[in-house]
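Down below is the structure, laid out as structure tokens.
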Amino acid sequence: MSQALLEAVTSRSWTTLLETPLLAGHNEDAIDLEEREKLLGERLPSIAHVTERFVTRLGERSELLPVSRVKRPARRSLQRLAAHTEDWAGRSLAGPVPRRALAVTREEDANLYENRMVTELVHPILSTALLARIRKLRRLTSDLSDLNQSRHVGTHHRTERLYSFWGDDAAKANESHRHAATTLESLEKLAAWVQALRGTTLSVLLRGKVAGQRSLRLTNVINNDRHYRAAGEVWTAYERPEIASETPAARQERLARRQTAFDNYVLGLVVRSLGDLGYTPLSGTLPRLGEGVELEGGWGDARLTRETDGTLTVGCHGSTLRMVPILDAVGPGDDHLTICQRWSDLQAAADLPTVVVFLASSTNVRNNPDNVVAGSMSSAKDDTLEPGYLLTGVPVSPLETTSLERVARGISLAVRIPPLMAYPPQLTLGEQQVPLRLVDHLESSGIDASNLSPLFHRTGNTLKLRRPLVTSEQTRLEAVVRELEVAARGTGWQRDFGGHISQILKSFDVATRSLLPLLTCPVCSAPSTARQLQRVGDVFVIECQSCTTRWGHERCGNCQARIPIIEPEQELLNPEISGPGWVERIFGQDALSSPCWARTSANRYICPECRVCPIAVDAVGFCTRCH
């Protein structure tokens, strides 16, 4: 994938990168048996035959034996007998009578190049190659299985995005899953047979002896014996290239290319996520290294910046989220203790909200026995019990469709939470606050329509607009402003605020423009009206009339803080799916604050401030996160 990604990023075309495939291995060629694997299936009986009925050569060796067993004396047997009197049985006039003598014995020697070639073919060539292929197919099968199950596990919005990301429909995914499962079963049978060959007679005789060459050397035995010829054909198919010596400079360049390819892959996921969230660049181009682009859409303008080190920064409403691609943050051979220690070091180095994007299997990350580390490394949302950590992580892989949902949730947190937490916008006159006298007058002038939620929210001396004005309210506001303008020409208190009164209508327009994006459904993009806005004060909840999604705020029962929420489903979905990363598996990018892990009801969320979930407050049920 690296070449296609490099070309897309180099072109600086947002659309080109948006259309570049970010999944590998879901085509028919990847899930079918390779030609060399078909050849192995045909030739494996011949290899098994060779491991038990192999060719040998007649070898000679010198050995000290009793005289009765000597058939052919060795060349230096007389010299040794003269020098070792302990081998004499007695003496006679003719000389010593030998009791033991050095004899030449003949034996069949299996240590031939052809036999060493077969044992090395069995292990490590075949066993290693099959194991790597089986591991990849298991990941593919697991991902296709997850893609099939998503129709019944997650929300239908998440499922539609996954199939769109994969590029096909549910029927094709089901067919590919069956095909991959059949291929995996065939490979596992071949691997089991190859593993059994490691205990055969030839393998035991030549254990540790290898051919010593990476290219097959054709001999008379390999050319003329059909079983050895079959083994040679398999060797050629699985032939490993020569490993050239690598200088430190070449190694550094190779590792830099790997990291650059991963940086481009993560950039592709971020661009795809922004597209799913409704954002497009004003310029239509990708940012260069060290530059940024302005984005429009969604719930307000945002900015995407590419730092010179490959780090991506997403800013919205003054808040910033940093996404750091680290290819080898988790190595395939790392144990859990090593991963925990490395993650702790990364957390200590984070100085602003950061999401580390790393290459790994999500299953391995979720299975970490340390639930705190597993949780923070499985989701862009920090659901730990204690606040304070600025670092979270998301595992991604070209073999997992859910990778996009994990990255997209991180982007969603960066561009959706700031507009929600900036609600309600304050009414200002340019850069100045509305004078207290005008605040009191506007609040008491009866602009609100009686059948709608309150229009204003007042905190101290500031007045905030909760929702856009309907037609009758706009008419009433204009009338109030005209009355103030007329009174300002008289001798009343309005005379002192003439310049401020002329800016009141404009201040309402500015506040309304910041409110209107929040009336758009974050899931289906259907518009809502001010009449659908519920609640009072500095919180609101809107329910989409098209897809029934609810979004807005909830109030924490412990610290009374506002909890920003998006709730695509009001019914409880699959409560048996729990643990680290479960939110992305159910809701994907459509979740802001995480629902309580206890899953006892749909409308309960973990407070981002005090990290208390409703179960801890109500003492009802059991929450795996809290325990």
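Those letters in the sequence shown? Residues 5 to 631, by the numbering used here.
Glycine is no exception: its CB is placed at the ideal position from the N, C-alpha and C atoms.
Since we're looking at a predicted model, the values are computed, not measured.
- The region 49-61 makes contact with the region 113-132, as at least three CB pairs between them are under 8 angstroms.
- Using a Cβ distance threshold of 9 angstroms, R615 and P357 do not count as a contacting pair.
- DSSP, read as helix, strand or coil, puts I610 in coil.
- In the structure shown, D113 falls within a strand segment according to DSSP collapsed to helix, strand and coil.
- By the C-beta density criterion, K385 is buried, having at least 16 other C-beta atoms within 10 angstroms.
- When secondary structure is reduced to three states using DSSP, L62 falls in the strand class.
- G335 sits in coil when the DSSP states are folded into three classes, being neither helix nor strand.
- With respect to L424, R471 sits apart: the two C-beta atoms are not nearer than 9 angstroms.
- Annotated three-state conformation of F512 is helix, per DSSP.
- When only Cα atoms are considered, E124 and T205 end up about 14 angstroms apart.
- Judged by pairs of C-beta atoms under 8 angstroms, the region 149-165 does not touch the region 125-137, as fewer than three such pairs exist.
- DSSP places G296 inside the beta strand (DSSP E), whose first and last residues are 295-301.
- Judged by DSSP secondary structure, M327 falls within the beta strand (DSSP E) whose first and last residues are 323-329.
- In the three-state DSSP reduction, I581 falls in the coil class, being neither helix nor strand.
- Contact annotation: the region 418-432 touches the region 508-525, with at least three C-beta pairs closer than 8 angstroms.
- F460 has L469 as its beta-bridge partners, per DSSP.
- Per DSSP, T284 lies in no alpha helix (DSSP H); the unbroken beta strand (DSSP E) holding it starts and ends at 283-285.
- Residue pairing for G319: DSSP places it in a beta bridge opposite R307, T324.
- With 16 or more other Cβ atoms from the protein chains shown falling within 10 Å of its own Cβ, S511 counts as buried.
- Between A34 and T24, the beta carbon gap of about 18 angstroms keeps them out of contact (Cβ cut-off 8 angstroms).
- Per DSSP, reduced to three states, the secondary structure at E246 is coil, with no helix or strand assignment.
- Within the model, the alpha-carbon separation for G94 versus R104 is close to 11 angstroms.
- In the same chain as L37, and ignoring 5 residues on each side of it, the C-beta atoms closer than 7 angstroms to its own belong to T187, S190, in chain order.
- Counting C-beta pairs closer than 8 angstroms gives three or more between the region 325-334 and the region 343-361, which meets the contact rule.
- The C-beta distance from W170 to L22 rounds to 15 angstroms, too long to fall under 8 angstroms, and the pair is not in contact.
- The criterion of a C-beta distance shorter than 9 angstroms is not satisfied by D387 and W555.
- Contact check for R480 against G434 fails: the beta carbons are separated by 9 angstroms or more.
- Under the DSSP assignment, A196 falls in the alpha helix (DSSP H) whose first and last residues are 174-201.
- When secondary structure is reduced to three states using DSSP, L37 falls in the coil class, being assigned neither helix nor strand.
- Here H53 has H231 as same chain residues with Cβ atoms under 8 angstroms from its own Cβ, once five neighbours each way along the sequence are excluded.
- Taking C-beta atoms as the reference points, I570 and D542 fail to come closer than 9 angstroms.
- When Q199, R589, D91, H161 are compared, the shortest CA-CA separation from L135 is found for Q199.
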